[in-house]
Amino acid sequence: MNAVTLSVHVSDIERLFREHNRALIAFLQCRLNSLSDAQEVAQEAYLRMLTMDDREQVDSLRGYLFKVAGNLAIDRLRKRKVRSDFAAVQSQDEPMDEYRPDHHAMAVEQVAGVRQALSELPAKTSQAFVMHVIEGRDFSHVAQTMKLSERMVRYHVANALARCRAYVDGKEGP
Amino acid sequence: MRFNEQQDPVLRAAADWWVRLRAAGADGEVIEQWLAWTGEDERNLQAFERMNELAERLGTLDKVSRQGLIRAFVRFAPTPVPALRRWFPLAAAASIAAVVLSGALYIGWTHFAADVATQVVYQSGVAQNREFSLPDGTKVALGAASRLSVKYSNAQRSVEVSDGEAYFEVVHDNQRPFVVTVGNMTVRDIGTAFDVRRTGGRVTIAVTQGRVAIADQRLQARPHNTLEAIAGQRVSYDPDASRLLVDIEAPAQATAWRHNRLEFIDEPLGVVIANLNRYAGRPVRVADADLNALTYTGTIRTDAIDDWVGALPQVFPLRVSKEANGVVLSDPKHAFR
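Residue numbers (UniProt numbering), protein chains in the order written: chain D, 1 to 174; chain L, 1 to 337.
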């Protein structure tokens, strides 16, 4: 495919937004595990597209938007990691904040369905899922800990995610 | 919904895409393929968004729920330690002088000749935590209503926790191992601070620093029955299941009792109550055995035990009644008792 030099106009960005914003937000939420962060990063990505002054060689404006957004997401994850390492050091001596059983009841209710779903899955499947989704470990860390390939870890996580979603939907109504 | 039902293919595809997009190597090509998939059918992107929603909800759980799930599903592979056989044969039986002190601390210490050990018993009263040092400089914090016997010989420093909870900061000595017996378990320090708790036959060992080697005394003939635990890990022995479970616990949490907080994650109510009674002015009794199986996660302040007990019916299907000799928890299903 021939690369063409595109001059980016506001109207192009508007069209990108109209046609692909929902997918962009979904993509970013998947990467960042936070809808509000996804929305912020998407805003920033559009802004980058508008202020792009070197008229970069791009064969697809959409591809370029997702690339810019993906890179911004990686930056944000990096900053978040520094913050959470710092917070972990700060909060080491802090007590847990639930002092009475009733403070705890809502969380128990929320988690109960997922716990039930996970307990019906093979142990490796639920462990990989909990380590990745709940503990926030990346696939390579989970693979190392569990002595599995990353591909197997991804398989287990996807399997558990689909099962938990189905289980929670069954309880909450679709 | 049960899992033996047919899996929804859209849901499964959405979950597969969700992990694929999060993988480190997901490049522009993968994103293009994903965009093509979302363009095929509007239900695809919808299903994908629902994966995001659930994953975000689970990734931002409160600390207690999060730890509860991690504990329940994340297993650490026990590492067998084959080189530890030598520490099992104990030194020949020594003449033992038992000194029992109740509610007070033994201050002095008697040195005996080689191969002669003296046994000293430390015991704390209800609602009294104690802190003291052993002759080798090892620091001990003893929980309330707990009992600790110490027997030092030239070959080994042996300590037994026969009731309750204790935390040790061990001065390491290769020539003279520090070994704690608690229920059926033996814990040997490898340069360490750790907490042990015994509730009847149930034992938990939480390592806050360094490493320990843990063994089931009854299985000592086989070296693979020893496992090593490192800082941040907790090993529990459940007599009913008769197995060791290794999971994680933050060091600050393991010793929260030293700061008047009892912290429990997924422990049977019976165990929670037994430990709470070590601090309770008014003992709590569980009248119906089926209540013991309920599991509790949370913190109890030892200066607010009555409030905690009073709030129990809000989370558990049980009834709290005050009686002359204490508080009774009963199952409302067993009425007219």
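Each residue gets a CB set at the ideal place from its N, CA and C atoms; glycine is no exception. Note that the structure is a prediction, hence the values are computed from the model and not measured.
Please report whether the beta-carbon of residue i lies at a distance below 9 Å from any beta-carbon of chain D.
i, result
"A14 (chain L)", "yes"
"M51 (chain L)", "yes"
"A23 (chain L)", "yes"
"R197 (chain L)", "no"
"Q233 (chain L)", "no"
"R20 (chain L)", "yes"
"W34 (chain L)", "yes"
"T208 (chain L)", "no"
"L69 (chain L)", "yes"
"R130 (chain L)", "no"
"I31 (chain L)", "yes"
"A72 (chain L)", "yes"
"R258 (chain L)", "no"
"T38 (chain L)", "yes"
"A83 (chain L)", "Annotation note: pLDDT 30 at A83 (chain L) (below 50); position unreliable, coordinate value reported separately. Cβ-Cβ to chain D under 9 Å: no for A83 (chain L)."
Any heavy atom of the ligand GDP closer than 8 Å to the beta-carbon of residue i?
i, result
"A144 (chain L)", "Absence of the ligand GDP from the depicted structure is noted, as is the absence of any ligand whatsoever, leaving it without description."
Tell me the residue span of the alpha helix (DSSP H) that contains residue i.
i, result
"R48 (chain D)", "L35 to L50"
"D62 (chain L)", "Unbroken run through D62 (chain L): none, as it is neither H nor E."
"V272 (chain L)", "L269 to L276"
"K124 (chain D)", "A123 to F129"
"Q29 (chain D)", "V10 to L32"
"F139 (chain D)", "F139 to M146"
"V170 (chain L)", "Taken as a continuous stretch (DSSP letters only), V170 (chain L) belongs to no alpha helix (DSSP H), as it is neither H nor E."
"A311 (chain L)", "I305 to A311"
At a Cβ threshold of 9 Å, is residue i touching chain L?
i, result
"F139 (chain D)", "yes"
"K81 (chain D)", "no"
"Q29 (chain D)", "yes"
"L161 (chain D)", "yes"
"F17 (chain D)", "no"
"A158 (chain D)", "yes"
"D169 (chain D)", "yes"
"E14 (chain D)", "no"
"Y155 (chain D)", "yes"
"E44 (chain D)", "no"
"S149 (chain D)", "no"
"V68 (chain D)", "no"
"S131 (chain D)", "According to the sequence provided, residue 131 (chain D) is Met. The question's Ser does not apply to it. Yes, contact with chain L."
"H20 (chain D)", "yes"
"V111 (chain D)", "yes"
"N71 (chain D)", "no"
"V41 (chain D)", "no"
"residue 191 (chain D)", "Beyond the ends of chain D as shown, which are 1 and 174, falls residue 191 (chain D); an answer cannot be given."
"S11 (chain D)", "no"
"Q144 (chain D)", "no"
"L47 (chain D)", "no"
Hey, could you find the ends of the beta strand (DSSP E) residue i is sitting in?
i, result
"M185 (chain L)", "M185 to D189"
"R202 (chain L)", "R202 to Q209"
"Q253 (chain L)", "Unbroken run through Q253 (chain L) is the alpha helix (DSSP H), P251 to A254; no beta strand (DSSP E)."
"A229 (chain L)", "T226 to I230"
"R285 (chain L)", "V284 to V286"
"V140 (chain L)", "K139 to L142"
"I248 (chain L)", "R243 to I248"
"G25 (chain L)", "Here G25 (chain L) belongs to no beta strand (DSSP E), and DSSP marks it neither H nor E."
"D238 (chain L)", "Q233 to D238"
"V179 (chain L)", "F178 to V182"
Can you check DSSP and say which residues form a bridge with residue i?
i, result
"E165 (chain L)", "L:R197"
"Q123 (chain L)", "L:R147"
"S321 (chain L)", "L:V328"
"E131 (chain L)", "L:A141"
"G298 (chain L)", "L:F264"
"S158 (chain L)", "L:K151 and L:V179"
Would you mind telling me which residues of chain A sit closer than 9 Å to residue i, beta carbon to beta carbon, in chain order?
i, result
"L61 (chain D)", "Protein chains D and L are contained in the structure displayed, whereas chain A is not."
Taking 8 Å as the threshold, find out whether the region 161-173 of chain L comes into contact with the region 126-140 of chain L through three or more Cβ pairs.
yes
Answer yes if the region 250-257 of chain L comes into contact with the region 50-61 of chain L, meaning at least three C-beta pairs across the two stretches below 8 Å, and no otherwise.
no
Residues of the region 150-177 of chain L with a CB closer than 9 Å to any CB of chain D: list them in chain order, please.
none
Touch check for the region 199-218 of chain L and the region 279-298 of chain L: three-plus C-beta pairs under 8 Å?
no
Which residues, taken in chain order from the region 51-66 of chain L, show a beta carbon closer than 7 Å to some beta carbon of chain D?
M51, N52, L54, A55, E56, L58, G59, L61, D62, K63, V64, S65 and R66
Given 8 Å as the limit, is there contact between the region 117-127 of chain L and the region 139-153 of chain L, that is, 3 or more CB pairs closer than that?
yes
Decide if the region 134-148 of chain D is in contact with the region 31-49 of chain L; the criterion is three or more beta carbon pairs, one per stretch, under 8 Å apart.
no
If you measure beta-carbon to beta-carbon, which residues of the region 316-335 of chain L are closer than 7 Å to chain D?
none
Across the region 229-242 of chain L and the region 298-315 of chain L, are there enough close Cβ pairs to call them in contact, namely three or more that are closer than 8 Å?
no
For the pair the region 74-81 of chain D and the region 120-127 of chain D, tell me if three or more CB-CB distances fall below 8 Å.
no
Can at least three beta-carbon pairs, one atom from the region 239-249 of chain L and one from the region 271-281 of chain L, be found at a separation below 8 Å?
no
Closer than 7 Å, Cβ to Cβ, to anything on chain D: give me those residues from the region 261-283 of chain L, in chain order.
R261 and E263
Spell out a yes or no on whether the region 17-31 of chain D and the region 6-16 of chain L are touching, meaning 3 or more CB-CB pairs, one atom from each, closer than 8 Å.
no
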